[in-house]
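So the sequence lines, in the order shown, correspond to chains A and B. The first sequence begins at 3 in the numbering used here and counts up one residue at a time. The second sequence begins at 3 in the numbering used here and counts up one residue at a time. Ideal Cβ placement from N, Cα and C applies to all residues, glycine included. A short worksheet on the structure shown next.
Number of protein chains: 2
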Amino acid sequence: MPAATVSRAPRVGIVGAGQLARMTVQAAIPLAVQVRLLAASANDSAAQVCRHVAVAPPTDFPSLAAFAAGCDVLTFDHELVDARQLRDLERAGHVLRPTAETMAIAQNKARQLALWRRHALPHPEKQSVSSAEEIVAFGDERGWPVIVKAAQGGYDGRGVWVVPDARAAAELWLQALDRGLTLLVEHRMPIEREIAVVLARRPGGEIAVYPVVETVQRDGICHELRVPAPLDPALVAEAERIARAVAEAVKVVGILAVEMFVSEGRVLINEIATRPHNSGHFSLGGALTSQFENHLRAVLDWPLGRTDLLAPAVVTRNVLASSAETDLHTGIAAALAVPGVMVHLYGKQPRPGRKIGHVTALGDDLADARERATRAVEALGGIVWERTAEREGAHP
Amino acid sequence: MPAATVSRAPRVGIVGAGQLARMTVQAAIPLAVQVRLLAASANDSAAQVCRHVAVAPPTDFPSLAAFAAGCDVLTFDHELVDARQLRDLERAGHVLRPTAETMAIAQNKARQLALWRRHALPHPEKQSVSSAEEIVAFGDERGWPVIVKAAQGGYDGRGVWVVPDARAAAELWLQALDRGLTLLVEHRMPIEREIAVVLARRPGGEIAVYPVVETVQRDGICHELRVPAPLDPALVAEAERIARAVAEAVKVVGILAVEMFVSEGRVLINEIATRPHNSGHFSLGGALTSQFENHLRAVLDWPLGRTDLLAPAVVTRNVLASSAETDLHTGIAAALAVPGVMVHLYGKQPRPGRKIGHVTALGDDLADARERATRAVEALGGIVWERTAEREGAHP
Numbered sequence: 003m004p005a006a007t008v009s010r011a012p013r014v015g016i017v018g019a020g021q022l023a024r025m026t027v028q029a030a031i032p033l034a035v036q037v038r039l040l041a042a043s044a045n046d047s048a049a050q051v052c053r054h055v056a057v058a059p060p061t062d063f064p065s066l067a068a069f070a071a072g073c074d075v076l077t078f079d080h081e082l083v084d085a086r087q088l089r090d091l092e093r094a095g096h097v098l099r100p101t102a103e104t105m106a107i108a109q110n111k112a113r114q115l116a117l118w119r120r121h122a123l124p125h126p127e128k129q130s131v132s133s134a135e136e137i138v139a140f141g142d143e144r145g146w147p148v149i150v151k152a153a154q155g156g157y158d159g160r161g162v163w164v165v166p167d168a169r170a171a172a173e174l175w176l177q178a179l180d181r182g183l184t185l186l187v188e189h190r191m192p193i194e195r196e197i198a199v200v201l202a203r204r205p206g207g208e209i210a211v212y213p214v215v216e217t218v219q220r221d222g223i224c225h226e227l228r229v230p231a232p233l234d235p236a237l238v239a240e241a242e243r244i245a246r247a248v249a250e251a252v253k254v255v256g257i258l259a260v261e262m263f264v265s266e267g268r269v270l271i272n273e274i275a276t277r278p279h280n281s282g283h284f285s286l287g288g289a290l291t292s293q294f295e296n297h298l299r300a301v302l303d304w305p306l307g308r309t310d311l312l313a314p315a316v317v318t319r320n321v322l323a324s325s326a327e328t329d330l331h332t333g334i335a336a337a338l339a340v341p342g343v344m345v346h347l348y349g350k351q352p353r354p355g356r357k358i359g360h361v362t363a364l365g366d367d368l369a370d371a372r373e374r375a376t377r378a379v380e381a382l383g384g385i386v387w388e389r390t391a392e393r394e395g396a397h398p
Numbered sequence: 003m004p005a006a007t008v009s010r011a012p013r014v015g016i017v018g019a020g021q022l023a024r025m026t027v028q029a030a031i032p033l034a035v036q037v038r039l040l041a042a043s044a045n046d047s048a049a050q051v052c053r054h055v056a057v058a059p060p061t062d063f064p065s066l067a068a069f070a071a072g073c074d075v076l077t078f079d080h081e082l083v084d085a086r087q088l089r090d091l092e093r094a095g096h097v098l099r100p101t102a103e104t105m106a107i108a109q110n111k112a113r114q115l116a117l118w119r120r121h122a123l124p125h126p127e128k129q130s131v132s133s134a135e136e137i138v139a140f141g142d143e144r145g146w147p148v149i150v151k152a153a154q155g156g157y158d159g160r161g162v163w164v165v166p167d168a169r170a171a172a173e174l175w176l177q178a179l180d181r182g183l184t185l186l187v188e189h190r191m192p193i194e195r196e197i198a199v200v201l202a203r204r205p206g207g208e209i210a211v212y213p214v215v216e217t218v219q220r221d222g223i224c225h226e227l228r229v230p231a232p233l234d235p236a237l238v239a240e241a242e243r244i245a246r247a248v249a250e251a252v253k254v255v256g257i258l259a260v261e262m263f264v265s266e267g268r269v270l271i272n273e274i275a276t277r278p279h280n281s282g283h284f285s286l287g288g289a290l291t292s293q294f295e296n297h298l299r300a301v302l303d304w305p306l307g308r309t310d311l312l313a314p315a316v317v318t319r320n321v322l323a324s325s326a327e328t329d330l331h332t333g334i335a336a337a338l339a340v341p342g343v344m345v346h347l348y349g350k351q352p353r354p355g356r357k358i359g360h361v362t363a364l365g366d367d368l369a370d371a372r373e374r375a376t377r378a379v380e381a382l383g384g385i386v387w388e389r390t391a392e393r394e395g396a397h398p
């Protein structure tokens, strides 16, 4: 029976209990949706704030099946699941949103590449490779360095390598063989901006698109979101068109995030995620409906909420701990003293570089919102990438 | 040790687990504040969504003391506590915000009256009475009918009687004697508008005031909030002045709500609550910082958040169930289809007239926001007082 027709509180099961699940638990309270978590550990970020927590590895099939049996619909905090197990759950009659098929695509960059080609969706030149020689041939033809990516398992800069020459390609290939990785090689595009589009899609195809975001990345990790992205309107329209086409191509249900490059006047698909995503964090307090609420509404097949910004400009900055000694509970009072900044902590123990929260500021323009968000990150003891760049003599 | 100086997550204990505590649990998640509840029942509104719940009556002293021992600061969802027990907790070194003294005032309308007189704060003519004859003398002097109120224990229209004549006064007096009630008699003012001011106050006296709200009451129950109240600026300023003076007089820490009348061009104090209050529900999604977050910030002695509205007009309507058969989980999909309406359900079983949630709409003007909020209440099967008034031939 579809979840939306049950008359008791619908039960949404989330596989994984990181900060995305935590913020979804928060969004579920006003909707009287009962969120249940399958957590790897009872102390996971979301498990700390949820009443219904099962603890088991997400790939232990008996645990997963028992968890699914207690939920009306199953959704995901991460992609580190076994797509074959998800298919078995669907065959047993469980409702998965996104589906096992969508999750299999979200896990695999080689399958995504095949889809982008089939749907003529713009992406950097790339190909799957089955030998070191194919990497070298690609580099010799399109120019060095090349980008090599693991088809599965990479995130936040992991599983991505900049390969300068044939010798490095041969070394990387051996390492990848050892670790059982499948690789893709990609032309290194000149990147003018990195942007993202977050949207929610219901089972029947209804879509709600959030404003285009500029993302500021350093070493493959997102530090900052600027919304709306300061971008030519034609590029904004193109980014939205691409994101909608991706949503249809992967048949997502729930939130989809499409990370893109602007390169030589074109918008190109970089990565996707079929779940709430860091690129959409501005929506929590910065838009009329957060991505977490819209994820729940989409997976329950309820009407989606409006995505309008609540101010002319919204800036979100991630809080990446600068040390293990970061004292958040002293820092938070200083951060809250910055006017009009919303602080979101994830309940995580600080470690150098670990993403432990984010802050969001509304403003009349991006400069004003950025200035206050940055002050709040500093107050919390987070890394401010501009300062690091200054110390290293680089140009931010 | 004050809560704000501990370096682990601060633990805020709430006595009571109704919808006010539920929305405070929600507000605590991004601040990484650990909320603990002392609930009368494990199925209470807030207990459904909180990880740390103790179940006991709020006036069972051993349970209350054990609960306090696990918290850095204690606060309240309601006034149905024993102020002497609270004083004993303070003597034992526990931090109560608001204090036992403030709670004792909040519980007792006779003590409040004494304070308003001492601080020359405007209020309807009223007095404590110790016999039926005193009610009759008051009515004969100021005119019938009079309003009689129980000094303690009343809310949502309970503990308030409109008394038309001497015979009714005598009957009420006998009933009150039976139930051990202390009474006040009050002149029935011509009421032009009912308004409220909600504010947050830190231990050191820092105050953040929310915009003045117009409240629409029927039979002593709040149905609707209109913000900002469509009111003469001089009356807005006077309402704020009074609310600030009340906050100082009762030495509140946390949220204070002051309900007031506008009568013959004057602003008069009606009721107060020293906790998050229905009059402040518009702030959840309608203002930059909700009253629930500011309550936590105040009781932890953290800087208060800005109270600016997120739109020119905000309307909140309560959802009072029209019958026990109200099917919320079908109704919610219809309510969410109304554009730009935020739905807040309390996880309560519908019963006729029971307050089971509220909806908030942002708009460019009050009429637009009201229209959408009303549609959402209808979709949820809630009572729309204008329709009831029409059916009964009354003028809304």
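Residue i, DSSP secondary structure in three states
i                 : result
Gly15 of chain A  : strand
Thr217 of chain B : strand
Ala70 of chain A  : helix
Leu88 of chain B  : helix
Leu286 of chain A : helix
Ala48 of chain B  : coil
Val37 of chain B  : strand
Arg228 of chain A : strand
Glu327 of chain B : coil
Leu270 of chain B : strand
Gly256 of chain A : strand
Exposure label - residue i; buried when at least 16 CB within 10 Å
i                 : result
Ala391 of chain A : exposed
Asn45 of chain B  : exposed
Val164 of chain A : exposed
Pro32 of chain A  : buried
Gly145 of chain B : exposed
Gly384 of chain A : buried
Glu226 of chain B : buried
Asp79 of chain A  : buried
C-alpha distance - residue i paired with residue j, whole-angstrom precision
i                 : j                 : result
Asp180 of chain B : Ala231 of chain B : 41 Å
Val138 of chain A : Ala171 of chain A : 7 Å
Glu196 of chain A : Arg246 of chain A : 18 Å
Ser285 of chain A : Leu364 of chain A : 11 Å
Ala381 of chain B : Glu135 of chain B : 50 Å
Gln293 of chain B : Leu258 of chain B : 10 Å
Arg113 of chain A : Val57 of chain A  : 31 Å
Glu240 of chain B : Lys253 of chain A : 57 Å
Leu430 of chain B : Tyr212 of chain B : Lying outside 3 to 398, the shown extent of chain B, residue 430 of chain B is not represented and no answer is given.
His360 of chain B : Thr328 of chain B : 15 Å
Arg99 of chain A  : Val75 of chain A  : 7 Å
Glu81 of chain A  : Pro59 of chain A  : 13 Å
Ala67 of chain A  : Ser43 of chain A  : 18 Å
His249 of chain B : Ala198 of chain B : Sequence inspection shows Ala at residue 249 of chain B; the His mentioned does not correspond to that position. Distance between the alpha carbons of Ala249 of chain B and Ala198 of chain B: 13 Å.
Val218 of chain B : Val317 of chain B : 11 Å
Asp366 of chain A : Arg319 of chain A : 17 Å
Gln36 of chain A  : Arg13 of chain A  : 5 Å
Ala34 of chain A  : Leu22 of chain A  : 18 Å
His54 of chain A  : Gly20 of chain A  : 15 Å
Thr104 of chain B : Glu188 of chain B : 23 Å
Under 8 Å from the C-beta of residue i: neighbouring residues of chain A
i                 : result
Ile385 of chain B : The premise fails here: Ile385 of chain B is roughly 19 Å from chain A at the closest Cβ pair, so nothing lies under 8 Å.
Val345 of chain B : Pro32, Leu33
Cross-chain neighbours of residue i in chain B, by beta carbon under 8 Å
i                 : result
Gln28 of chain A  : Gln28, Ile31, Pro32
Gly349 of chain A : Ala11, Ala34
Chain B contact residues for residue i, given Cβ-Cβ distances below 7 Å
i                 : result
Val51 of chain A  : Ile31, Arg53
Pro305 of chain A : Ala335, Leu338, Ala339
Arg308 of chain A : Pro341, Gly342
Residues that residue i contacts on chain A, provided the C-beta gap is smaller than 9 Å
i                 : result
Leu201 of chain B : In chain order: nothing, as chain A lies at least about 17 Å away.
**Item:** Every unbroken beta strand (DSSP E) within the segment 351-385 of chain A, with a cutoff of 3 residues, ordered by chain
**Value:** 357-365
**Prompt:** Which residue spans inside the segment 114-180 of chain B form an unbroken beta strand (DSSP E) run of at least 3?
**Reply:** 128-131, 148-152, 162-165
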